[in-house]
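Take my numbering: the final residue in the sequence shown is number 413, and no numbers are missing along the way.
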Amino acid sequence: MRGIAKFIGKALTWIALFLGLVMLWNWAGSSIPRNAGAEPAESGVEILLATNGIHTELVLPVTSPQKDWRETFPSIDKDYPGRAITHIGVGWGDREVFLENPSWGDLEARTVWRIATTGGPGVVRVDHLTNPGPGPNKRPIRLSERQYAALVAAIEAELAPAPAGRERPVLTGFRAQDRFYDARADYTLGNTCNQWTSDRLADAGVETGYWTPFAGGVMKWVEEPAM
Numbered sequence: 187m188r189g190i191a192k193f194i195g196k197a198l199t200w201i202a203l204f205l206g207l208v209m210l211w212n213w214a215g216s217s218i219p220r221n222a223g224a225e226p227a228e229s230g231v232e233i234l235l236a237t238n239g240i241h242t243e244l245v246l247p248v249t250s251p252q253k254d255w256r257e258t259f260p261s262i263d264k265d266y267p268g269r270a271i272t273h274i275g276v277g278w279g280d281r282e283v284f285l286e287n288p289s290w291g292d293l294e295a296r297t298v299w300r301i302a303t304t305g306g307p308g309v310v311r312v313d314h315l316t317n318p319g320p321g322p323n324k325r326p327i328r329l330s331e332r333q334y335a336a337l338v339a340a341i342e343a344e345l346a347p348a349p350a351g352r353e354r355p356v357l358t359g360f361r362a363q364d365r366f367y368d369a370r371a372d373y374t375l376g377n378t379c380n381q382w383t384s385d386r387l388a389d390a391g392v393e394t395g396y397w398t399p400f401a402g403g404v405m406k407w408v409e410e411p412a413m
């Protein structure tokens, strides 16, 4: 029994050490800036950086002089008749996780292992919203017209090509407000949902962290709005 207890104790120690190193790695990597010193634009397009504590996404106006997202995401008009969709939340994730797991508690060990080792096909998630307001978990960022155009181009570059002469296929999940579109890249530990959000902000010239696997590493770069 003593041998078993000693083995379990060592195993727990190594697990705690590993988790501590992961958290330290995240803190250090997310504190290294990209686009260091970049200031918010004085005019242009306001977006929101949103989080639920685990996942982050970019909340964008459906229409602006630079982009009408209904041209890219047909679900905005087709799937919500009679509802005034003013904004979309655009994020990234693993295809199987989003489409086959109603909640985090439904994740199976094999899925977690597959993501940790080989990854899998990614999807772009589109959350359909009406007049979302700023708050601690929805932090506004003002982009210049040039920055917003760069963000639009970066997001569209992540999408799998639409079939010739046809609209981009729309996939459904478990939440009524969500729709999904196939992406070009795979979801891996090096390309998580939060890293994806941070990368798109960097593409737009926004100051953000270099390595941001967790939501907090993305959110800490944008101040909470004064309420």
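Beta carbons: idealized from backbone N, C-alpha and C, even for Gly.
Taking 8 Å as the threshold (C-beta atoms), are residue j and residue i in contact?
i	j	result
Leu-329	Ala-390	yes
Leu-234	Ala-302	no
Asp-368	Pro-355	yes
Thr-383	Pro-399	no
Arg-311	Gly-277	yes
Leu-337	Ile-271	no
Gly-321	Pro-411	yes
Gln-363	Gly-230	no
Arg-365	Ser-261	yes
Arg-256	Asp-265	no
Pro-251	Ile-327	no
Gly-359	Ser-216	no
Gly-308	Gly-268	no
Excluding the 5 residues flanking residue i on each side, which residues of the same chain have their C-beta closer than 6 Å to its C-beta?
i	result
Gly-305	Asp-372, Tyr-373, Thr-374
Pro-219	Glu-393
So, helix, strand or coil for residue i, using DSSP?
i	result
Leu-329	strand
Arg-370	strand
Pro-377	According to the sequence as given, residue 377 is Asn; it is not Pro. It is a strand residue.
Arg-300	helix
Val-245	strand
Thr-398	coil
Gly-291	helix
Who are the Cβ neighbours of residue i in its own chain at under 7 Å, not counting the five residues just before and after it?
i	result
Pro-318	Leu-234, Val-245, His-273, Lys-324
Ala-401	Thr-237, Gly-239, Ile-240, His-241, Thr-242, Asn-380
Thr-297	Glu-282, Val-283
Could you spell out where the beta strand (DSSP E) holding residue i opens and where it closes?
i	result
Pro-262	Correcting the residue identity first, residue 262 is Ile in this sequence and not Pro. It is not in any beta strand (DSSP E) - Ile-262 instead sits in the alpha helix (DSSP H) that spans 261-264.
Leu-234	231-237
Going by DSSP, what residues sit across from residue i in a beta bridge?
i	result
Asp-313	Gly-275, Asp-364
Leu-337	Paired residues: none, contrary to the question.
Asp-254	Thr-249
Pro-411	Partner(s): none; Pro-411 has no beta bridge.
Any C-beta of chain D sitting closer than 8 Å to the C-beta of residue i?
i	result
Ile-274	Among the protein chains of the structure shown there is no chain D, as only one such chain exists.
Tell me the residue span of the alpha helix (DSSP H) that contains residue i.
i	result
Leu-285	281-286
Report yes if the C-beta of residue i is less than 7 Å from at least one heavy atom of the ligand ADP; otherwise report no.
i	result
Ala-343	What this structure holds is no ligand at all, so the ligand ADP is not there to describe.
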